[in-house]
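Residue numbers (the working numbering): 287 to 700.
Glycine included, C-beta positions come from ideal geometry on N, C-alpha and C.
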Amino acid sequence: MAVENIVIVGGGLAGAIAAKTLRTEGFAGPVVLLAEETHHPYLRPPLSKEYLLGQAQDDALPVVPAGWYAENGVELRLGSPVTSLDPAARTVGLGDGSRLEYASLLLATGSRPRAIPVPGSDLDGVGTFRTVEDSRRLRQQLDGGGQNVVMIGSGWIGMELAAAASAYGNTVTLLGLEEVPLGAAIGPELGGFFRSLHEANGVRFRLPASAAEITGRAGRVTGVVTDAGEVLPADLVVMAVGVVPEVSLAAAAGIGLHNGILADASLRTSAPGIFAAGDVANALHPFTGEHHRSEHWSNALNGGKVAARAMLGQDAVLDTVPYFYTDQFAVSMEYSGFPTLITGPPTIRGSLEAREFLAFWQRDGRVVAGMSVNWPRSDKPQKMIKSFITSKSALRPDVLADPAVPLDQLLPAA
Ligand SMILES: Cc1cc2nc3c(=O)[nH]c(=O)nc-3n(C[C@H](O)[C@H](O)[C@H](O)COP(=O)(O)OP(=O)(O)OC[C@H]3O[C@@H](n4cnc5c(N)ncnc54)[C@H](O)[C@@H]3O)c2cc1C
């Protein structure tokens with residue numbers, strides 16, 4: 287069936303890239319991109335890194351230049367949250383009561399930061415972190431240093447925000463439920479590496495610990511009381527305790543859900559003509575045969591492209607190896623792979639002390655995930671890791687660890 291018009295809900299990376307891909311693939315029909323936020327679609331990774339640190343400005347954020355939408359006939363409606371979805375009638379409803387018909391629909395509604403129901407979380411100076419406004423506000427608050435900052439959450443965003451807050455000269459204490467920061471993501475050894483990095487830069491940890499209460503005076507935060515009864519003075523508190531996929535439209539419309547919107551490898555949902563991409567999609571991955579929901583930049587980028595091509599009837603599947611990166615203090619880390627396939631601790635090539643190493647995780651002798659930390663780009667470490675994973679060849683840990691064996695010699699002959 288020829289697609290007559292396409293509606294995209296959500297003006298994040300997945301939604302904007304889908305619009306761009308529709309045009310680069312030659313689709314000339316109407317495309318409407320409905321965005322709840324009032325900014326042109328923007329990238330979030332810089333918000334907790336170089337943008338927060340003042341090393342990048344507004345021009346580093348847009349997914350595509352602001353003029354691209356009009357120039358390419360994409361109707362971008364900013365500040366237009368979709369309030370309802372009727373899959374049988376193939377319409378979406380907007381806040382002003384109007385309805386919009388679609389032939390194909392992409393749900394790219396992303397995720398929302400989780401808040402913790404702790405007393406005092408509504409005080410001034412306490413917040414979550416997701417948007418450009420959050421980053422601008424926090425930058426202003428951190429600038430000048432000398433404040434007590436309590437970060438709640440020991441995942442990637444909490445650690446990045448702690449690094450930025452500390453770099454501004456603030457006193458930072460991080461609370462988390464894990465024994466080791468990032469432990470759930472990369473295990474105790476490498477989580478310990480990031481903890482040492484932060485401690486060397488003055489960040490203090492309380493792990494495992496949770497916030498029992500946030501205290502205040504005259505409506506403004508003054509401290510955090512931990513579950514162990516310790517009182518931490520605080521001028522600012524950021525809750526970085528994860529996100530929840532924004533599935534409310536899909537849920538009300540009866541679309542299949544499980545940890546996000548269930549989708550096949552072409553990002554089709556259970557409803558005809560409706561696709562899902564980015565943080566909100568829990569899509570079947572051909573490599574593992576399992577559903578994966580990823581909260582990372584590359585998944586939104588690749589998912590937006592695949593959904594657009596699939597909406598045009600092309601044979602497109604999201605089969606890329608998941609990838610993400612982080613920058614904290616002087617450490618740049620990149621990671622590719624399938625964490626759910628990991629069965630044991632990593633093999634390290636290089637030196638944690640020197641902060642320059644590769645880590646390989648294996649399953650039945652095959653590499654299923656790998657990380658590079660400050661590793662020379664000339665070695666193309668991420669390309670190698672992805673090739674190890676997709677080749678499915680068995681590799682001996684002692685050989686993976688041996689710096690005398692060039693990485694490219696470990697690849698199977700083409
Ligand atoms: C601070 C921060 C730092 C990050 N750093 C990294 C990193 O270093 N590396 C990495 O790989 N990933 C990183 N990520 C994750 C990455 O940014 C996300 O995976 C990516 O933004 C997901 O894109 P998305 O388009 O799926 O969703 P989103 O970016 O969440 O966009 C979804 C959009 O849909 C809108 N929306 C929701 N419901 C509706 C509705 N009903 N109607 C209209 N619009 C709606 C939302 O307002 C939002 O603008 C970071 C995320 C954050 C927040």
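Nearest-angstrom Cα distance between Gly-441 and Leu-697?
32 Å
* To do: Just tell me which of Phe-480, Gln-427, Gly-564 and Met-525 has its CA closest to the CA of Leu-638.
  => Phe-480
Exercise for the section: Less than 8 Å between the CB atoms is what I'm expecting for Gly-656 and Trp-647, so what's the real figure, rounded? Expected result: 7 Å
Is the segment 490-499 close to the segment 454-464, with three or more CB pairs under 8 Å? yes
#### Entry: 7 Å Cβ shell around Thr-612 - same chain, five flanking residues per side excluded
Trp-442, Glu-446 and Met-619
* **Exposure label - Asn-545; buried when at least 16 CB within 10 Å** => exposed
- Item | Span separating the alpha-carbon of Leu-428 from that of Ala-520 | 12 Å
Exercise. Counting only runs that start and end within the segment 533-573, where is the beta strand (DSSP E) found for 3 or more residues in a row?
Worked result: 547-549, 560-562 and 567-571
message = Checking 8 Å against the spacing of the C-beta atoms, do Glu-311 and Leu-604 come in under that value?
response = no
task = Put Ser-482 into one of helix, strand or coil per three-state DSSP.
result = helix
**Asked** Helix, strand or coil: which one does DSSP assign to Arg-492?
**Response** strand
What number of angstroms, rounded off, separates the C-alpha of Ala-450 from the C-alpha of Leu-338? 7 Å
What are the boundary residues of the alpha helix (DSSP H) that Gly-301 is part of? 299-310
### Task
Give the secondary structure of Phe-313 by DSSP, where H, G and I count as helix, E and B as strand, and everything else as coil.
coil
Is Thr-414 near ligand 1 - that is, is its Cβ less than 7 Å away from at least one heavy atom of it? no
> Leaving out the 5 sequence neighbours to the left and right, which residues in its chain are closer than 6 Å to Met-287 when beta-carbon positions are compared?
Replying inline: Its pLDDT being 45, under 50, Met-287 is placed unreliably by the model, and nothing is read from it.
Requested in this report: Just the C-alpha distance for Tyr-609 and Tyr-621, rounded to the nearest angstrom, thanks.
Outcome: 6 Å
Using the C-alpha atoms, what's the distance from His-578 back to Leu-444? Sequence check: residue 444 is Gly here, not Leu. In a straight line, the C-alpha of Gly-444 is about 23 Å away from that of His-578.
**Prompt:** Where Glu-642 and Lys-669 are concerned, what is the direct C-alpha to C-alpha distance, given to the nearest angstrom?
**Reply:** 17 Å
Excluding the five sequence neighbours on either side, which residues of its own chain have a C-beta within less than 7 Å of the C-beta of Lys-306, listed in chain order?
Val-350
Pull up the distance between the alpha-carbon of Ser-452 and that of Gly-430, whole angstroms please. 11 Å
- request: Closer than 7 Å by C-beta to Ile-628: which residues in its own chain qualify, once you throw out the five before and the five after it? Chain order, please.
  value: Trp-647, Arg-649, Val-654 and Ala-655
Tell me whether Trp-583, by its Cβ, gets closer than 7 Å to a heavy atom of ligand 1. yes
Please determine whether the Cβ atom of Asp-382 lies at a distance below 7 Å from any heavy atom of ligand 1. no
Minimum C-alpha distance to Arg-506 - residue among Ala-616, Gly-413 and Leu-693: Gly-413
*Which same chain residues, not among the five before or five after Glu-499, have their C-beta less than 8 Å away from its C-beta?*
Val-404, Pro-405, Gly-406, Val-510 and Val-511
Q. Measuring CB to CB, does Ala-537 end up less than 8 Å from Leu-392?
A. no
**Asked** Does DSSP put Pro-348 in a helix, a strand or coil?
**Response** strand
field: Contact test: Ile-443 Cβ vs ligand 1 heavy atom, cutoff 7 Å
entry: yes
According to DSSP, is Tyr-609 part of a helix, a strand, or is it coil? strand
Here's the rule I'm using: 16 or more other beta-carbon atoms within 10 Å means buried, otherwise exposed. How should Asp-565 be labelled?
buried
Checklist entry - Under 8 Å between the Cβ atoms of Leu-347 and Trp-583? => result no
(message) Considering only DSSP beta bridges, list what Tyr-328 is partnered with.
(response) Pro-348
Cutting at 7 Å between CB atoms, please list the residues of its own chain near Ala-514, excluding the five before and the five after it.
Ala-495
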